[in-house]
Amino acid sequence: MSNSDEVLRRALVAQVALVVTNSYKRHLRNPDKSATGSSDSSGDDSMKECRTGGKFKE
Numbered sequence: 001m002s003n004s005d006e007v008l009r010r011a012l013v014a015q016v017a018l019v020v021t022n023s024y025k026r027h028l029r030n031p032d033k034s035a036t037g038s039s040d041s042s043g044d045d046s047m048k049e050c051r052t053g054g055k056f057k058e
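Numbered by the UniProt record's numbering, the letters in the sequence shown go through residues 1 to 58 in order.
Structural data, given as structure tokens:
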């Protein structure tokens, strides 16, 4: 494995760890929500919750 392959592998591992950590933190803030949603839909839910004071408007 070349040096650049190792750098790319470490960057990928760091990125995955960051995504998992952020998902886990979001799950801790909203334990009633499923952790299987995609990250962009979860972000939309967080913004919607801020705008509506925690109550979702359909």
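All C-beta atoms in this analysis are idealised placements derived from N, C-alpha and C, irrespective of residue type, glycine included.
For residue i, three-class secondary structure by DSSP
i, result
"Asn30", "coil"
"Asn3", "helix"
beta-carbon residue i near the ligand NAD non-hydrogen atom, thresh 6 Å
i, result
"Leu8", "Because no ligand of any kind appears in the structure shown, any question about the ligand NAD cannot be addressed here."
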